[in-house]
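Just below is one structure, and these are the notes that go with it.
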Amino acid sequence: MFKIRDAGKGSIAKCLIGSLYILYILFIAVGCTTINYIGESYPPSQQVDLYFSEKDIEKQYKVVGRIIATANAHELIYSSDKFTQSILKKARGKGADGVVILGFENVMTGTNHSRNRTEKSTEKSGKTFTEESESTNSSIEEKRRIEALAIRYTE
4 MFKIRDAGKG SIAKCLIGSL YILYILFIAV GCTTINYIGE SYPPSQQVDL
54 YFSEKDIEKQ YKVVGRIIAT ANAHELIYSS DKFTQSILKK ARGKGADGVV
104 ILGFENVMTG TNHSRNRTEK STEKSGKTFT EESESTNSSI EEKRRIEALA
154 IRYTE
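For what it's worth, the working numbering labels the leading residue of the sequence shown as 4, then goes sequentially.
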């Protein structure tokens with residue numbers, strides 16, 4: 004049969020650390036990726052063709068939308084291939100027949116500034132002393148970004 008034993012405090016700590024590690028990995032895997040689409044929508048497509056230049060498209064087409072995919076650049080899990088797959092999935096859901104990748108770039112975003120200033124005055128022997136301190140915080144994030152056109156064939 005089964006035996007139940009007391010794991011002890013050390014084992015509980017190891018289990019907790021292991022659980023936190025798994026949550027961290029899941030957070031990284033989910034990441035902060037966004038796929039934005041602006042344009043016309045049609046019934047979902049079965050297949051979406053991938054192009055890297057509008058010159059390569061041999062059929063007549065019209066541009067029906069624009070897709071922008073962004074993620075934190077430090078997240079190694081988001082390669083350009085994963086981005087491309089995400090863009091194709093979004094285009095398929097919007098009814099596009101093809102996607103033209105316009106470019107891939109890293110951009111700096113998220114500049115936040117907060118400034119704290121403290122003044123403290125003390126009086127000693129009839130003289131006033133003023134002590135000042137100031138701190139500034141800023142946050143700049145590097146994002147990876149791919150931009151694409153969603154197209155539909157007109158032929």
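Heads up, the beta-carbon is just placed ideally off N, CA and C, and yes, glycines get one too.
Grab the span of the beta strand (DSSP E) containing residue i for me, first residue to last.
i	result
TYR45	Unbroken run through TYR45: none, as it is neither H nor E.
THR73	64-75
What residue from the options has the CA that sits closest to residue i's CA?
i	options	result
PHE107	GLY98, THR73, GLY101	THR73
PRO46	LYS93, GLY98, TYR64	GLY98
VAL110	ILE71, PHE55, THR87, LYS92	ILE71
ARG69	LEU152, SER89, LYS85, SER44	LEU152
Identify every residue that forms a DSSP beta bridge with residue i.
i	result
LEU53	VAL102
ALA94	Note: ALA94 sits in no beta bridge, so no partner.
ILE143	According to DSSP, which records beta bridges pairwise, ILE143 is partnered with nothing at all.
ILE60	In DSSP, ILE60 forms no bridge with anything.
Any contact of the segment 54-64 with the segment 84-95, i.e. 3+ C-beta pairs under 8 Å?
no
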